[in-house]
């Protein structure tokens, strides 16, 4: 079965480092390959009017903070009108702005101010389903002959596999729910209140085009495409192995770039490496970016156990992608840490280390915690993790508050545990709001309470995590080879040391990370007699006689080097 085709074609880097590695002129259309992306939710970032909920005007007030941090692009979580049953992912109007977050005028001013600072804006595009309060679905359930009836997926009888394929096992019991108004079942991969749209219907395809075009006209630089495999799933195909329509992604890419040449699509697709080529396209004609969930899951296994081989294997399995494509790497995002592609034994080892209590686990596959609490607030381990993030092949994505080491609130349900208000200072409600109470509790006690962890305090502390990550961002920008070049995994002759070499247009960078809390020695060979210039501490440059490097690393230690080749 094929669908109707309707979419068309604060610490400074050493001066020598800055001067030597000034990035080459990069085609503007490939800006995403080396960008630092910052994910935030407007409602929890900053409240400007004292109603207890963040808004666009509050976000405008904090754009200079994001500029200072070094952010190139902001990824906005859903901000459209919504009943809020799934924190905005249950969209009730694809063309508006939730009035609790501001007006369309506020959004336009935010876009203007972001562009003035050279910051692009990516928005969540949640088009695999709608809220059951969306006018389309409300009309669809009035009659079997409704105009919008076929905009959704229906079945006269309860399908045999209705209890399979839930995205939220343990929360939802089935993917087909009886609509008592018309006595038929509607399909929903996610929550019951989020009926899936039917992309076999030409009208739905046309409408998705209008939605994309509308937001591009508002200045949006790209889309984080939510739940990609479920958008391209052909309705009523095998639930265990559904038929997927990858032409949809190619058509979407063509349409997006026909409207805005440098716009990008960042896909959420947690798939096996063998499937990557179908999402990127054989020649890069699919979506430009995807989150590297496969490597991320093995990264957490490495952080939990110190065992590197599974991570090395994951990096090699996800290495071959088209030149125009790029991975997005992350440590934490707005959801749980998905460990579903680890073996049962590996997953349990990660649970034991990072989420031993059942309340820390979610959906039988993941952990609903922020990074700092998982790593026991161990700065050496946290610093290692972020150095590793910024040195992995691809573009780094940071979750708001992670640059501070914010904690989580496990008293909140499901994924809300990692969606607490941003902690700006030590005043009431962390400076997030002047209201007596924020719409969602601010973390206010313990080592992650806002009195201890906030922007104002960390900005003034040269040794803070905020200042470390700010420096890391500058460091990453001084090494464009990571986003643009080819890479090789080095044989460091130390089981706990991950070594990666990047090469691009005659320039080379080597990064080393010791995943063990014990000291280790990295020994590797370069192709010629080179000198390794330490990109963090110039006093620790290394010579490599006869091309052999011997680098001592402390527990959870790391090094970034630039290679200067000795000419014959």
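In UniProt numbering, the protein residues as written are 1 to 568. From the three backbone atoms N, C-alpha and C, an ideal C-beta is built for every residue, glycine too.
Count the other CB atoms, across all protein chains shown, that sit within 10 Å of the CB of residue i; report buried if there are 16 or more and exposed otherwise.
i, result
"residue 95", "exposed"
"residue 445", "exposed"
"residue 556", "buried"
"residue 352", "exposed"
"residue 501", "buried"
"residue 196", "buried"
"residue 217", "exposed"
"residue 233", "buried"
"residue 345", "exposed"
"residue 561", "buried"
"residue 404", "buried"
"residue 343", "exposed"
"residue 421", "buried"
"residue 543", "exposed"
"residue 39", "buried"
"residue 513", "buried"
"residue 478", "buried"
"residue 314", "buried"
"residue 463", "exposed"
"residue 316", "exposed"
Which same chain residues end up closer than 6 Å to residue i when comparing Cβ atoms and leaving out the 5 residues on each side of it in sequence?
i, result
"residue 563", "508 and 530"
"residue 549", "524"
"residue 106", "56 and 57"
"residue 540", "534"
"residue 510", "501 and 561"
Kindly identify the DSSP beta-bridge partner or partners of residue i.
i, result
"residue 488", "501"
"residue 509", "502 and 562"
"residue 525", "548"
"residue 327", "290"
"residue 222", "122 and 264"
"residue 337", "367"
"residue 514", "497"
"residue 543", "531"
"residue 155", "185"
"residue 172", "169"
"residue 129", "196"
"residue 520", "553"
Here's a check: name, in chain order, each residue in its chain whose Cβ is nearer than 8 Å to the Cβ of residue i, leaving out the five neighbours to either side.
i, result
"residue 379", "465"
"residue 272", "294 and 341"
"residue 177", "185, 186, 188 and 192"
"residue 99", "81"
"residue 366", "335, 336, 337, 338, 339 and 340"
"residue 97", "56, 79, 80, 81, 103, 104, 106 and 107"
"residue 349", "301, 304 and 305"
Looking only at its chain, what residues have a beta carbon closer than 7 Å to the beta carbon of residue i, apart from the 5 residues adjacent to it on each side?
i, result
"residue 383", "468"
"residue 322", "280, 281, 283 and 284"
"residue 199", "3, 205, 231 and 248"
"residue 22", "The pLDDT assigned to residue 22 is 40, lower than 50, so where the model puts this residue is not dependable; a value taken from the coordinates is nonetheless given after this. For residue 22, where only same-chain residues beyond five positions count, there are no Cβ hits under 7 Å."
"residue 373", "407, 408 and 448"
"residue 537", "none"
"residue 25", "Confidence at residue 25 is low in this model, with a pLDDT of 42, below 50, so its placement is unreliable and the value that follows should be read with caution. For residue 25, where only same-chain residues beyond five positions count, there are no Cβ hits under 7 Å."
"residue 387", "472, 513 and 558"
"residue 146", "139 and 140"
Worksheet item: Three or more beta-carbon pairs under 8 Å between the segment 72 to 92 and the segment 121 to 137, yes or no?
Response: yes
Item to complete: Kindly provide the ranges of any beta strand (DSSP E) runs that are 3 or more residues long and lie completely inside the segment 342 to 410, ordered along the chain.
Response: 395 to 399
Discussion item. Does the contact criterion of 3 or more C-beta pairs under 8 Å hold for the segment 359 to 369 versus the segment 258 to 265?
Written reply: no
Item to complete: Assess, as a yes-or-no matter, whether the segment 63 to 80 is touched by the segment 436 to 454 under the definition of 3 or more beta carbon pairs within less than 8 Å.
Response: no
Item to complete: Decide yes or no for the touch test of the segment 487 to 499 against the segment 456 to 476: beta carbon pairs closer than 8 Å, at least 3 of them.
Response: no
Discussion item. Any contact between the segment 424 to 439 and the segment 400 to 411? By contact I mean 3 or more CB pairs, one from each, below 8 Å.
Written reply: no
Fill in: Cβ contact check for the segment 96 to 116 and the segment 222 to 232: 3 or more pairs under 8 Å
no
Worksheet item: Of all the beta strand (DSSP E) runs that stay within the bounds of the segment 176 to 216, which reach a length of 3 or more residues?
Response: 176 to 179 and 184 to 187
Discussion item. Extract the residue ranges of the alpha helix (DSSP H) inside the segment 18 to 90, only unbroken runs of 4 or more that lie entirely within it.
Written reply: 42 to 45, 56 to 61 and 63 to 69
Discussion item. List, from N- to C-terminal side, the beta strand (DSSP E) runs of 3 residues or more that fit wholly inside the segment 233 to 310.
Written reply: 264 to 267 and 289 to 291
Worksheet entry | the segment 394 to 406 touching the segment 328 to 341, judged by at least three CB pairs closer than 8 Å | yes
Worksheet item: Pairing CB atoms from the segment 246 to 257 with CB atoms from the segment 148 to 161, are three or more of them under 8 Å?
Response: no
Discussion item. Does the segment 30 to 45 come into contact with the segment 474 to 493, if we say contact requires no fewer than three beta-carbon pairs (one atom in each stretch) closer than 8 Å?
Written reply: yes
Discussion item. In chain order, what are the residue ranges of uninterrupted alpha helix (DSSP H) at least 4 long that sit wholly in the segment 447 to 477?
Written reply: 455 to 459 and 465 to 477
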